[in-house]
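Residue numbers (our numbering), protein chains in the order written: chain A, 7 to 200; chain B, 7 to 200; chain C, 7 to 200; chain D, 7 to 200.
For each residue, glycine too, the CB sits at the ideal point set by N, CA and C.
There are 4 protein chains.
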Amino acid sequence: MKSDKEEKILKAAEKVFIKKGFFPTRIDDIAEAAGVAKGTIYLYFSDKQSIYVSLLDNRLRKMIDFLKKIGNEKITATEKLEKIFNVLFDIFSDVKGMISLVTIENINLTTEIMKELRVKTKHKFSQLIDLLAKIIREGIKHKELKSINPKMGALIFLNIAHTSFQAHMFISGVKEQREKIKDIFFYGIKPKSK
Amino acid sequence: MKSDKEEKILKAAEKVFIKKGFFPTRIDDIAEAAGVAKGTIYLYFSDKQSIYVSLLDNRLRKMIDFLKKIGNEKITATEKLEKIFNVLFDIFSDVKGMISLVTIENINLTTEIMKELRVKTKHKFSQLIDLLAKIIREGIKHKELKSINPKMGALIFLNIAHTSFQAHMFISGVKEQREKIKDIFFYGIKPKSK
Amino acid sequence: MKSDKEEKILKAAEKVFIKKGFFPTRIDDIAEAAGVAKGTIYLYFSDKQSIYVSLLDNRLRKMIDFLKKIGNEKITATEKLEKIFNVLFDIFSDVKGMISLVTIENINLTTEIMKELRVKTKHKFSQLIDLLAKIIREGIKHKELKSINPKMGALIFLNIAHTSFQAHMFISGVKEQREKIKDIFFYGIKPKSK
Amino acid sequence: MKSDKEEKILKAAEKVFIKKGFFPTRIDDIAEAAGVAKGTIYLYFSDKQSIYVSLLDNRLRKMIDFLKKIGNEKITATEKLEKIFNVLFDIFSDVKGMISLVTIENINLTTEIMKELRVKTKHKFSQLIDLLAKIIREGIKHKELKSINPKMGALIFLNIAHTSFQAHMFISGVKEQREKIKDIFFYGIKPKSK
DNA sequence: CATGAATGAGGCTTCATTCAT
DNA sequence: TATGAATGAAGCCTCATTCAT
Chain A
7 MKSDKEEKIL KAAEKVFIKK GFFPTRIDDI AEAAGVAKGT IYLYFSDKQS IYVSLLDNRL
67 RKMIDFLKKI GNEKITATEK LEKIFNVLFD IFSDVKGMIS LVTIENINLT TEIMKELRVK
127 TKHKFSQLID LLAKIIREGI KHKELKSINP KMGALIFLNI AHTSFQAHMF ISGVKEQREK
187 IKDIFFYGIK PKSK
Chain B
7 MKSDKEEKIL KAAEKVFIKK GFFPTRIDDI AEAAGVAKGT IYLYFSDKQS IYVSLLDNRL
67 RKMIDFLKKI GNEKITATEK LEKIFNVLFD IFSDVKGMIS LVTIENINLT TEIMKELRVK
127 TKHKFSQLID LLAKIIREGI KHKELKSINP KMGALIFLNI AHTSFQAHMF ISGVKEQREK
187 IKDIFFYGIK PKSK
Chain C
7 MKSDKEEKIL KAAEKVFIKK GFFPTRIDDI AEAAGVAKGT IYLYFSDKQS IYVSLLDNRL
67 RKMIDFLKKI GNEKITATEK LEKIFNVLFD IFSDVKGMIS LVTIENINLT TEIMKELRVK
127 TKHKFSQLID LLAKIIREGI KHKELKSINP KMGALIFLNI AHTSFQAHMF ISGVKEQREK
187 IKDIFFYGIK PKSK
Chain D
7 MKSDKEEKIL KAAEKVFIKK GFFPTRIDDI AEAAGVAKGT IYLYFSDKQS IYVSLLDNRL
67 RKMIDFLKKI GNEKITATEK LEKIFNVLFD IFSDVKGMIS LVTIENINLT TEIMKELRVK
127 TKHKFSQLID LLAKIIREGI KHKELKSINP KMGALIFLNI AHTSFQAHMF ISGVKEQREK
187 IKDIFFYGIK PKSK
């Protein structure tokens, strides 16, 4: 049960972190964006990193909850993946930049540095992958999907959805391409052999 | 024709940047890794950022050269993509960490921050995407590939190849999965419908 | 309305700048002299140079105000010059070193270097010369003074007053010589011809 | 008997020191201006300061020699001062900037800092003042000049001549004013009382 | 003698964090 | 709780000086 202030700070921090990245973001930036004094931030967070971890944690938790919910629905694995893909794609293509905060890229960012962040985050990332993998495994079991390493499938799934984020830099009208992209995940880039 | 020292510094810098990331890397770290004095670095590079740009530039140039070479071969678009995928996949799964320096992630890292880096790099990134897109366009033309936005196709291609990098964190035996992953790009995760 | 701290820093900076000069003065020196932490200085000044500019500005403003006041008094140009000379002479011979911060020498110091300082200061220096020149022009008009270039007259006036500063290095009892020196400015070093 | 190289370095150093001042001048600047390698400079001078001292020394020696020569001529003190004034004035108004290297200002520059420079220079400065003072004393003795402290007279004399240097910043056509300025030294700024 | 690549001490400045109010 | 002035550790970069060639 977070206080209003804490929520306000997190919101502000997310905005700034997305815009500038972790290191270039100054506590002052966050304080200003949140409309609180710098000192106030330290009443709610022990340090800069913990704000970041907190944000990542929130997002991952939400995604995990979402995946759990979808995972439990009485629909086919394919339908589950479609639903998830749509949501991810829309988030990624809408929010721009947000991804740098939420997705797989963070694994990289945290390599070797910010042990705390990595430790605290790794577990949730794994959980997320596992939930996706579970759906894929289910799909494989029901012959809906090819037999592949489910985790690898999960990663590919995430990366393809994630593509929508980068696409903005090179292409216009990304959102409209959702179905086509999803189609590649499911059916490949090759046309159906007659 | 770079001097020995410059080469030595670049090598060292790459190692450190990959290990720690741009911001946490200290000039001292690079100097120490290169076995030179701090000041020496500034004989060859104007500042920390320019070392990074230089590295990125080198790698991108190599990738571009490679794509150009493949692009000119007298083989089908599909064969070109296969060759490229194999090489990228192997690089990504071998070198670990290296990717954080070379791939699409950098687009993200450089968003908003480090204008110079972005400017200097954006062009080469675009070129790289364009070369891939050209191959895809060619494939579409010859009905080898579905009709999709070629740049989007290029991005998806890169992201799938890139998956191999992240995969190490969650899966063992990534390298062995190359063909299966490539297969997903070409034919999708769905099994061939009867 | 400057804060206490800012005032304290300026006071300290003046002391150190006078003692050591601009370049050899370290921010640490100023911080120590002011009894604040190094970082604190940057809460009030953007950089070392701006402290210097600020000091110069203050002093020049005071001198300008003084010249304006005298300039408006209902007394002869000669009387104005006498008053001004007395004040300058006393300042210069009292405070020692202070001059290096305040007087014409700075024109020199700032030539070619530290554009910002020069730009910000040049205007006030000119203003000061102009105010003196105005008095001299007035004196010429009323036949109290010889017809000379008023600005040149102003400069000579300042330089002679300034002599008292250097004099300490070579002579004792400088202060007692004020009237004699002033006399040279007004009547020259030659004895009255019969 | 200085070598060519040494002479070349000194010439270059003088140019640069005058343009940029002591501290902002880099050894590289001097080397480049002299057309020699940086290391070469250290074959002839122990350090940056000693170049400066050497320059100052040269100039002062020349001035001293000149004053000695004039001092020994069989002419009145007044004539001697006129000759000296003319020479100084021309130097000062010609070379611009040079003064910062040669004249009284250096006393200031060396306050507290650069002990070596001060020590090595003080003596020559004194000698220079003494030679001028001697002429003034002589003038006083012969009733050509008012009875004032000869050293103070010497300083005033130098400062007035020096005015021509600063004047460039505020006035055009400085050189043409030599006689008028000299006149002020001899007869003051007040018109001859009827 | 001459070179200029290499060194590394030291300066300025930033910014996460603290703490008195 | 909230503030924001103050702190000072730490990083980037410069440049006088050295030294192997």
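Residue i CB to nearest chain A CB: under 9 Å?
i: B/Leu151; result: yes
i: B/Lys196; result: yes
i: B/Ile113; result: Unreliable placement is indicated for B/Ile113, whose pLDDT of 44 sits below 50; no coordinate value is reported for it.
i: B/Tyr193; result: yes
i: B/Ile70; result: no
Where does residue i fall in DSSP's three states?
i: A/Ser170; result: helix
i: D/Glu88; result: helix
i: B/Ala43; result: coil
i: C/Phe192; result: helix
i: C/Asp10; result: helix
i: A/Ser56; result: helix
i: B/Lys80; result: coil
i: B/Asn64; result: helix
i: B/Phe95; result: helix
i: B/Asn155; result: coil
i: D/Glu150; result: coil
i: B/Met175; result: coil
i: C/Val180; result: coil
i: B/Thr127; result: helix
i: C/Phe5; result: The first residue shown for chain C is 7 and the last is 200, placing residue 5 of chain C beyond what the model contains.
i: C/Phe51; result: coil
Measure how close the beta-carbons of residue i and residue j come, nearest whole angstrom, since I'm counting them as under 8 Å.
i: B/Arg173; j: A/Leu161; result: Reading off the sequence, residue 173 of chain B comes out as Ala, not Arg. That belief holds up - the Cβ atoms of B/Ala173 and A/Leu161 are roughly 6 Å apart, short of 8 Å.
i: D/Tyr50; j: D/Lys11; result: 6 Å
i: C/Gly77; j: C/Leu151; result: That pair is no contact at about 15 Å.
i: D/Leu87; j: D/Ile154; result: Incorrect: roughly 13 Å between the Cβ atoms, too far for contact.
i: C/Ile146; j: D/Ile166; result: With 8 Å as the limit, C/Ile146 and D/Ile166 do not qualify as a contact, their Cβ atoms being about 19 Å apart.
i: A/Glu144; j: A/Ala83; result: 5 Å
Would you say residue i lies against chain B (beta-carbon separation less than 9 Å)?
i: A/Gln172; result: yes
i: A/Asp189; result: yes
i: A/Ile97; result: no
i: A/Gln55; result: no
Who are the neighbours of residue i on chain A, taking C-beta pairs under 7 Å?
i: B/Phe29; result: Phe29
Would you say residue i lies against chain D (beta-carbon separation less than 9 Å)?
i: C/Met158; result: yes
i: C/Met175; result: yes
i: C/Lys128; result: yes
i: C/Val180; result: yes
Quick one: list the residues of chain B neighbouring residue i, beta-carbon separation under 9 Å, in chain order.
i: A/Gln183; result: Ile154, Asn155 and Met158
Could you name the residues of chain C that residue i contacts, counting a contact when the two beta carbons are closer than 8 Å?
i: D/Thr169; result: Met158, Leu161, Ile162 and Asn165
i: D/Ser132; result: Phe176
Which value, in whole angstroms, describes the spacing of the CA atoms of residue i and residue j?
i: D/Ser106; j: D/Ile24; result: Note on D/Ser106: pLDDT 43, under 50, position unreliable in the model; the coordinate value appears next. So the two alpha carbons sit approximately 7 Å from each other.
i: B/Phe163; j: A/Lys157; result: 19 Å
i: A/Lys188; j: A/Glu182; result: 11 Å
i: D/Phe72; j: C/Gly45; result: 53 Å
i: B/Val59; j: B/Leu66; result: 10 Å
i: B/Met175; j: A/Ile135; result: 11 Å
i: C/Lys17; j: C/Ala39; result: 9 Å
i: A/Asn92; j: C/Ala43; result: 55 Å
i: D/Lys80; j: D/Lys149; result: 17 Å
i: B/Met104; j: D/Glu20; result: Unreliable positioning characterises B/Met104 in this predicted model, as indicated by a pLDDT of 43, which lies under 50. The coordinate reading is nonetheless provided below. Spanning the two alpha carbons is a distance of roughly 52 Å.
i: C/Ile190; j: D/Pro197; result: 13 Å
i: C/His129; j: D/Lys128; result: 34 Å
i: A/Val22; j: A/Ser170; result: 21 Å
i: C/Ile195; j: D/Glu185; result: 15 Å
i: D/Asp63; j: B/Asn64; result: 54 Å
i: B/Ile15; j: B/Ile36; result: 7 Å
i: D/Lys26; j: D/Arg32; result: 9 Å
For chain C, is any of its Cβ atoms less than 9 Å away from the one on residue i?
i: D/Ile90; result: no
Residues of chain B with CB under 7 Å from residue i, in chain order?
i: A/Lys21; result: Those within 7 Å of A/Lys21 in chain B number zero; the least Cβ separation is about 12 Å.
At 8 Å on the CB atoms, spell out the chain A contacts of residue i, in chain order.
i: B/Ile135; result: Phe176
What residues of chain C sit near residue i, judged by a beta carbon separation below 7 Å?
i: D/Lys186; result: Ile154
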